[in-house]
Structure formats: structure tokens, C-alpha cells
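One structure below.
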């Protein structure tokens, strides 16, 4: 019975919130999704490592405290970026096994870049390969040296991308699709936000989740069989 439960482990995602928000805020934002979606995921929400160093756009909408993953200037100069990568790796170790990354806004930019940095041996060296990404209101980093490292090899795992019609990052989120081998795209009419899932988009989401669940289950079954084969005979 224990092995059956083990085989059907849900895909676990480390969830990275937006700039100057928090884990609790992203949890509330994602909590708008239907139970039929949420019950298929194991979501781990973590606060970014740095307290917000300025005003948050969500003041008056969501309560503080607010955090940020790193600091930037015109999206081409990044401060505390190395510390950010080490912090995320630590979260993945603490809450592992982590199968994928889910991110919104600044968290989505990170989530989309980390698999490429991991493949290059620049980040996440102590944790298993990131297999899936869910990108909400995302974009690419603009710093040329970082672009070369993060996106030189397309992400080969399943990826899900939310593109808002009124999102100021939409053109950059669309550009990001070129760095993924099998992107699934959910279009919505809103701006830079975590959208609800309507009748048109829900089947796309559920199909993506079924696909990654099969991959996780297959991997778990393979691990269980390998463990059984290596077990001492009695």
C-alpha cells in the first residue's frame, strides 16, 4: 500500500512570488484556481530572501510584509543575484523533491531562467534537474551575459505560460516561448496578474497537469523498481 501511495506523488512546485510581494500573497492569487487544478499539485510557497527596499505595487491590496528576489536597475543591472540563486537552491533542498518551478512576474523571470542556468552548471548544482515550469506574466532577463547562459539551450521539459492581453510584459513573455521546446500557452484578457481559469483555459491546464503527473509517476515507478532490484535478497 505504501508503494502505491509513493507512485502517485503529486508534482511538487516551488512557487516564486512577484516583486515586492510574498509567499502568502502568491498563495492567495493562485488560490483563485479551481479545486480540480489545485488538488493535482503540491505547491510550496516561499518568501524571497530580501525585504522590499521600496514601495510595493500591491500596498492597499495585500497586507505586508513584502519581499524581493533581487534588486535591478532598468532590468540590465542585478544586485544580490548570486545570493538569490543560492537561497532558491536551499529552498529546493529543504522542501525537496522539487519537480518544477511556478513563478509570477519577477518569480516567473527567475523560474524561466533557472533551468538553463542549472544546465550550464551555474545554479541549482546540488538539486535534481528542474523538469517543469509554470510561467505567469514572465519574461527573459535582458543582461546579455545572463541571456547567453540562461537561454542558449531551450528548456526541453513541459512548460505552461500565461499571457495576458493587457500585460505590459506580454511581448517579452511571448519571446520567452522560443526558449521552450513544448510550451503550452494560456491566453487571458487581463493584465499583469495571476488570472482565473475560464471554461476555455481549464482543459488546457488540466491536460498539462495530467501530462506532468504521468511523468512524475513513471519516474517514481522506475525508482521503486530500481530500489527493489537492489534490495538484499532474504
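Residue numbers (the working numbering): 22 to 255. Glycine residues also receive a C-beta, built at the ideal position from the N, C-alpha and C atoms.
Item, Value
"Cβ of residue 187 within 8 Å of Cβ of residue 211?", "yes"
"Which value, in whole angstroms, describes the spacing of the CA atoms of residue 35 and residue 126?", "15 Å"
"For the candidate residues 90, 31, 107 and 194, whose alpha-carbon lies nearest to that of residue 148?", "107"
"Thinking just about the alpha-carbon of each residue, which of 123, 81 and 144 is nearest to the one in residue 105?", "144"
"So, are the CB atoms of residue 227 and residue 101 less than 8 Å apart?", "no"
"Write down every uninterrupted run of the alpha helix (DSSP H) in the segment 105-161 whose length is 4 residues or greater and which is fully enclosed by it, in chain order.", "127-140"
"Got a sec, what are the start and stop residues for the beta strand (DSSP E) residue 92 sits in?", "92-94"
"If you draw a straight line from the alpha carbon of residue 78 to that of residue 84, how long is it in whole angstroms?", "11 Å"
"Terminal residues of the continuous alpha helix (DSSP H) containing residue 65?", "Counting along the chain, residue 65 falls outside any alpha helix (DSSP H), though it belongs to the beta strand (DSSP E) covering 63-67."
"Using the C-alpha atoms, what's the distance from residue 90 back to residue 37?", "9 Å"
"Helix, strand or coil: how does DSSP classify residue 88 here?", "strand"
"Rounded to a whole number of angstroms, what is the C-alpha to C-alpha distance between residue 236 and residue 71?", "34 Å"
"Rounded to the nearest angstrom, what separates residue 190 and residue 224 at their Cα positions?", "25 Å"
"Taking C-alpha atoms, which residue in 156, 124, 49 and 62 lies nearest to residue 234?", "62"
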